[in-house]
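Read through the structure below, which is laid out as structure tokens, and then see the notes.
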Ligand code: GDP
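Residue numbers (full-length UniProt numbering): 488 to 971.
Structure, rendered in structure tokens:
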């Protein structure tokens, strides 16, 4: 928590004037009433040989977080449905696949096939539910991860059999890998003429293998299911594969506790107020519960399922639409049920205050220059890189050189490597994964520059390989001199 120069002076017994002089020397203009943040106060105290102990007052939010900590007691855990997100290149069939799955497997016969779009839905296969997040495209996926929400258990990567692995396929793979989520490939549009041939299928398997997705048929661990959203071929296979993988991961949650989860979508509706689709991840959400969602709070006035039907409660892995919040939360923000309205309001207000502060304070992202300090503070454990280069040969040479650095203290993780300019999507990935973007003999696109400025993502451009490794070596040792 922040502390004023006056209080700090009293606490550590150093004259305020001396503190101010030292601050000035550190390039900070301050008066006796200036409040210093934790880092600066600690640094300043250190200058006088005093180590500050930061004691934080417990807030209601701490209580909320404690009460919502994951249940680890096996006894209380029951199996829960898997949550699936579909990713892939544009036009490869993500939307069609979602539609096909929904139409063929929605249990509710009265619905007459009319479905409400709430951002997620549940189907039943072999009597077991599977939840799909209905926001295809990795922007949504990444935006959620950027907020610390990992709602997806398994990614279905759609690859059109007539097109093969394309740039957005590679991006999607990078996103799934960064989230450490298992991938199943749907080799889609298999109904098209001349695509289901050994030579074509092998070609695509090769492209996938090159991206690190080794097909089971080739002795790897990636399941590939041939699908067609036109004939429906392979869709049941895909669902059963998802079920098998889900079982393998032994997904569980405690249904008998206050609900906790993530907001998937939210909007303001005339007449109905704030509507939010949330995914319940643990516990059971009920009408009448008081919850905090992002920096909003309220009592759940009504719950609607993915078919727009009012329901009384929703258990783990169930998407529901709720009304009753006071402000519109952002997708990716968490929610939790808390027992009294006063505390819920207090938490929401604390969060609002913090959001304002965060908006004002400069965002701390990773750069090569602050890498050493960020690592010392334990805020960064791996150096995540996104590498874009002019030709495949450059990528290979760079990767090889970077591998040689691996025996260093810092594990280097290359999240994405690709030929071509730096795109907006590279920046989004960097933002979600605390990564640095390296452009080797390539430039960023205009939109990427704007995004990088806004999100304070570092883009470093090079055209000589040893300079890349040199800078990284120096950065790791804290020796990198800022460029001017
Ligand atoms: P998205 O951009 O990945 O969501 O792709 P869409 O689902 O919008 O599909 C793009 C186009 O491919 C549409 O014209 C679909 O009708 C077509 N399409 C999708 N799946 C299949 C398939 O299995 N077979 C064939 N022949 N066409 C498909």
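Ideal Cβ positions, reconstructed from N, Cα and C, are used throughout, including at glycine.
In terms of residues, what are the limits of the alpha helix (DSSP H) holding residue i?
{"i": "residue 508", "result": "503-512"}
{"i": "residue 814", "result": "Run containing residue 814: none; DSSP gives neither H nor E here."}
{"i": "residue 879", "result": "879-892"}
{"i": "residue 655", "result": "654-665"}
{"i": "residue 723", "result": "722-736"}
{"i": "residue 677", "result": "No alpha helix (DSSP H) contains residue 677, which DSSP labels as neither H nor E."}
Could you give the DSSP three-state label for residue i: helix, strand or coil?
{"i": "residue 925", "result": "strand"}
{"i": "residue 938", "result": "helix"}
{"i": "residue 492", "result": "helix"}
{"i": "residue 828", "result": "helix"}
{"i": "residue 689", "result": "helix"}
{"i": "residue 804", "result": "coil"}
{"i": "residue 840", "result": "helix"}
{"i": "residue 763", "result": "strand"}
{"i": "residue 718", "result": "coil"}
{"i": "residue 753", "result": "strand"}
{"i": "residue 637", "result": "coil"}
{"i": "residue 703", "result": "helix"}
{"i": "residue 768", "result": "strand"}
{"i": "residue 876", "result": "strand"}
{"i": "residue 943", "result": "coil"}
{"i": "residue 578", "result": "coil"}
{"i": "residue 857", "result": "coil"}
{"i": "residue 933", "result": "helix"}
{"i": "residue 629", "result": "helix"}
{"i": "residue 498", "result": "helix"}
{"i": "residue 539", "result": "coil"}
{"i": "residue 515", "result": "coil"}
{"i": "residue 818", "result": "coil"}
{"i": "residue 698", "result": "coil"}
Which partner residues of residue i appear in the DSSP bridge assignment?
{"i": "residue 786", "result": "777"}
{"i": "residue 522", "result": "491"}
{"i": "residue 871", "result": "900 and 922"}
{"i": "residue 949", "result": "927"}
{"i": "residue 565", "result": "740"}
{"i": "residue 585", "result": "Answer is none; residue 585 lacks a bridge partner."}
{"i": "residue 823", "result": "747 and 779"}
{"i": "residue 809", "result": "763 and 790"}
{"i": "residue 798", "result": "790"}
{"i": "residue 672", "result": "644 and 711"}
{"i": "residue 528", "result": "Its beta-bridge partners do not exist; DSSP assigns none."}
Quick one: using the 10 Å Cβ neighbour count with 16 as the cut-off for buried, is residue i buried or exposed?
{"i": "residue 613", "result": "exposed"}
{"i": "residue 951", "result": "exposed"}
{"i": "residue 1023", "result": "Residue 1023 lies beyond the stretch modelled for the chain, which goes from 488 to 971, so this question has no answer here."}
{"i": "residue 920", "result": "buried"}
{"i": "residue 756", "result": "exposed"}
{"i": "residue 518", "result": "exposed"}
{"i": "residue 842", "result": "exposed"}
{"i": "residue 930", "result": "exposed"}
{"i": "residue 514", "result": "exposed"}
{"i": "residue 621", "result": "buried"}
{"i": "residue 984", "result": "Since the displayed the chain opens at 488 and closes at 971, residue 984 lies outside it and no answer follows."}
{"i": "residue 954", "result": "exposed"}
{"i": "residue 904", "result": "buried"}
{"i": "residue 684", "result": "exposed"}
Taking residue i as part of the beta strand (DSSP E), name the residues at either end of that continuous run.
{"i": "residue 954", "result": "Counting along the chain, residue 954 falls outside any beta strand (DSSP E), though it belongs to the alpha helix (DSSP H) covering 952-964."}
{"i": "residue 610", "result": "607-612"}
{"i": "residue 571", "result": "570-575"}
{"i": "residue 909", "result": "It is not in any beta strand (DSSP E) - residue 909 carries neither H nor E in the DSSP assignment."}
{"i": "residue 616", "result": "615-620"}
{"i": "residue 711", "result": "711-713"}
Report back the beta-carbon spacing between residue i and residue j to the nearest angstrom; my notes put them in contact at under 8 Å.
{"i": "residue 678", "j": "residue 629", "result": "The pair is not a contact, with the Cβ atoms about 31 Å apart (cut-off 8 Å)."}
{"i": "residue 939", "j": "residue 855", "result": "Not quite, the Cβ-Cβ distance comes to about 14 Å (not below 8 Å), so this is no contact."}
{"i": "residue 783", "j": "residue 762", "result": "Actually they do not touch by this definition, with Cβ atoms about 12 Å apart."}
{"i": "residue 641", "j": "residue 732", "result": "6 Å"}
{"i": "residue 871", "j": "residue 935", "result": "That belief does not hold up - the Cβ atoms of residue 871 and residue 935 are roughly 17 Å apart, past 8 Å."}
{"i": "residue 873", "j": "residue 927", "result": "Not confirmed; about 11 Å, so no contact."}
{"i": "residue 681", "j": "residue 646", "result": "Between residue 646 and residue 681 the Cβ distance is about 16 Å, and since that is not below 8 Å, they are no contact."}
{"i": "residue 722", "j": "residue 714", "result": "6 Å"}
{"i": "residue 748", "j": "residue 691", "result": "So it is not a contact: roughly 36 Å between Cβ atoms."}
{"i": "residue 489", "j": "residue 524", "result": "5 Å"}
{"i": "residue 570", "j": "residue 639", "result": "6 Å"}
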